[in-house]
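S.K.: Listed in order, the protein sequences are those of chains X and U. Following this note's numbering, the numbering of the first sequence begins with 1 at its first residue and continues without gaps. Following this note's numbering, the numbering of the second sequence begins with 1 at its first residue and continues without gaps. Okay, here's the structure, questions in a sec.
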Amino acid sequence: MRKVGSMDEVYAALQAVKNKASAYCTNFFPVPNKLLARIEAGQLLLDASPDAVVFLNPDCDFWRIHFCAANPAALRRKFESLATIKTDPVVIEIIQPENQTDDLLPVIKAIGFRPYARLCRLARAGSAQPAEKSVDAGQAVYAAAADAREIHELIDDSFDRYAEQIPQKADIEIALKNRQILIVKNNQTIAGLLYFETTGASSAIRYWLVSQKFRSLSYGSVLMRNYLATHSAIRRFTLWVMADNEGALQKYRHYGYTNDGLIDQVLVNENVNHEIGN
Amino acid sequence: MKSVIEILKEIRPEFDFSTSEDFIVDGMLDSFDVVTLVATLDKNYRISIAGTDIVPENFRNLKTITELLVKSGAQV
């Protein structure tokens with residue numbers, strides 16, 4: 001295993017595997033600027049064989065693994081040779097269409113991973129209207145740099161670190177600079193937030209939450225209405241949500257989101273001694 | 001054999017790919033879409049797009065995708 005030093009190393013590793021692919025399989029869908037940030041921070045490791053490559057990056061107190069393999073059998077051989085899987089807590093996600101025949105999950109389960117969570121992607125068509133200049137914002141405002149620590153704590157307390165990818169403090173600072181976190185405050189405390197990422201005509205909600213002690217005060221609704229009103233030029237809205245979180249699903253459906261058929265299966269190895277809700 | 005624009009339309013039916021010069025910047029294709037697109041182009045044109053070519057620059061618009069297909073040996 002070695003630390004990745006450049007994007008070229010990543011692309012070369014992908015090409016080597018792809019050249020041998022009979023049934024190419026992957027869970028690696030890199031966003032170039034985010035991948036580059038990980039490489040520059042020294043947070044991406046690579047372990048390559050001729051027909052499979054795995055990428056490891058640290059997240060909280062465990063590893064996330066992404067892979068590309070020539071076929072499922074090559075992937076299994078690669079996993080069986082990886083010491084980290086035997087010694088450390090590891091999370092693997094498989095993103096695929098819901099109706100896709102599943103040949104990867106059995107491979108990953110066979111090396112000791114168990115299903116941990118299932119997320120589904122929801123999407124909502126936008127109206128492609130020009131953004132409103134003046135919106136009834138209620139109490140929602142864009143968060144400031146001084147809110148970073150409180151935002152991180154709220155997200156860490158409210159979401160599952162294995163399944164929902166808690167942002168690092170550096171991620172939050174970038175989002176704040178880009179005006180991608182809306183908040184509502186009750187006195188001086190952040191009561192709720194909506195954290196999103198917008199690229200061109202698409203916008204994805206990363207986190208939408210109202211702190212436990214401020215529930216039932218319509219803060220969530222204020223945040224969502226503000227978000228949608230200020231993004232009226234967007235053509236496509238998306239988000240990932242726990243597939244069994246019926247409360248959240250109902251709220252998103254209320255705002256026009258529907259299942260778009262993509263599923264994220266989160267699997268953990270036996271070194272993760274945690275269940276959702278604990 | 002499907003055309004590139006037909007394939008794109010299948011992946012993201014809500015967008016008009018004929019009007020954009022940059023699918024990535026315009027938010028019409030995300031990273032998952034690009035990987036799906038590569039797999040579909042490979043199958044449709046019976047080619048294997050090189051790993052080193054799976055970069056945003058090659059998926060910006062119809063022209064760059066067509067150039068990538070030609071480079072990869074497809075008969076477009």
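Ideal Cβ placement from N, Cα and C applies to all residues, glycine included.
Inspect the CB distances between the segment 92–111 of chain X and the segment 249–264 of chain X and report whether three or more fall short of 8 Å.
M.R.: A contact exists between the segment 92–111 of chain X and the segment 249–264 of chain X.
S.K.: Would you say Ala13(X) and Leu46(X) are within 8 Å of each other, going by their C-beta atoms?
M.R.: Yes, these two residues count as a Cβ contact at 8 Å.
S.K.: With DSSP as the reference, please indicate the residues paired to Tyr195(X) in a beta bridge.
M.R.: Tyr195(X) pairs with Ile181(X) and Tyr207(X).
S.K.: I'd like to confirm the pairing. Which residues does DSSP put opposite Ser202(X) in its beta bridges?
M.R.: DSSP, once it has assigned bridges, lists Thr199(X) and Arg236(X) as partnering Ser202(X).
S.K.: List the whole-angstrom C-beta distance separating Arg12(U) from Asp33(U), where the pair is believed to meet the contact cut-off of C-beta under 8 Å.
M.R.: With a Cβ gap of about 6 Å, Arg12(U) and Asp33(U) count as contacting.
S.K.: Hey, could you find the ends of the beta strand (DSSP E) Pro58(X) is sitting in?
M.R.: Ala52 to Asp59 is the extent of the beta strand (DSSP E) around Pro58(X).
S.K.: May I have the straight-line CA-CA distance separating Tyr255(X) from Ala74(U), to the nearest angstrom?
M.R.: Between Tyr255(X) and Ala74(U), the C-alpha separation is close to 43 Å.
S.K.: Thr52(U) versus chain X: which residues are under 9 Å apart at the beta carbon?
M.R.: Near Thr52(U) (Cβ distances below 9 Å), the residues of chain X are Asp8, Tyr11, Ala12, Leu14 and Gln15.
S.K.: What residue range does the beta strand (DSSP E) around Ala23(X) cover?
M.R.: No beta strand (DSSP E) holds Ala23(X); DSSP gives it neither H nor E.
S.K.: Counting only Cβ pairs nearer than 7 Å, list the residues of chain U close to Phe29(X).
M.R.: Those within 7 Å of Phe29(X) in chain U are Ser31, Phe32 and Val35.
S.K.: Run through DSSP, which three-state label would Glu21(U) get?
M.R.: In the structure shown, Glu21(U) sits in coil (DSSP, three-state: anything other than H, G, I, E or B).
S.K.: Mind checking whether Phe113(X) and Asn269(X) have CB atoms under 8 Å apart?
M.R.: Yes, Cβ-Cβ distance for Phe113(X) and Asn269(X) is below 8 Å.
S.K.: Which term fits Lys18(X), buried or exposed, when burial requires 16 or more other beta carbons within 10 angstroms of its beta carbon?
M.R.: So Lys18(X) ends up on the buried side.
S.K.: Should Gly73(U) be flagged as near chain X, meaning a C-beta pair shorter than 8 Å?
M.R.: It does not: the Cβ of Gly73(U) has no partner Cβ on chain X nearer than 8 Å.
S.K.: Evaluate Asp147(X) with the Cβ neighbour count: other Cβ atoms within 10 Å of its Cβ, from every protein chain shown; 16 or more gives buried, anything less gives exposed.
M.R.: Buried, by the Cβ-count rule.
S.K.: Buried or exposed: where does Glu164(X) fall if 16 or more other Cβ atoms within 10 Å of its Cβ makes it buried?
M.R.: Buried, because 16 or more other Cβ atoms sit within 10 Å of the Cβ of Glu164(X).
S.K.: Is it the case that the Cβ atoms of Arg206(X) and Tyr195(X) are separated by a distance below 8 Å?
M.R.: Against a cut-off of 8 Å, the Cβ pair of Tyr195(X) and Arg206(X) comes out as a contact.
S.K.: Which same chain residues end up closer than 7 Å to Arg38(X) when comparing Cβ atoms and leaving out the 5 residues on each side of it in sequence?
M.R.: The residues are Leu44 and Asn57.
S.K.: Enumerate in chain order the residues of its own chain whose CB-to-CB distance from Tyr252(X) is below 6 Å, with the five nearest sequence positions on each side excluded.
M.R.: Excluding residues within five positions, the ones whose Cβ falls inside 6 Å are Leu122.
S.K.: Is the CB of Val25(U) under 8 Å away from at least one CB in chain X?
M.R.: Yes, Val25(U) lies at the interface with chain X (some Cβ there is under 8 Å from its Cβ).
S.K.: Starting from His66(X), trace the alpha helix (DSSP H) both ways and give me its first and last residue.
M.R.: Segment Phe62 to Ala69 is the beta strand (DSSP E) holding His66(X); no alpha helix (DSSP H) there.
S.K.: Give me whichever residues DSSP pairs with Ile95(X) in a beta bridge.
M.R.: For Ile95(X), which the question treats as bridged, DSSP gives the partners Asp264(X).
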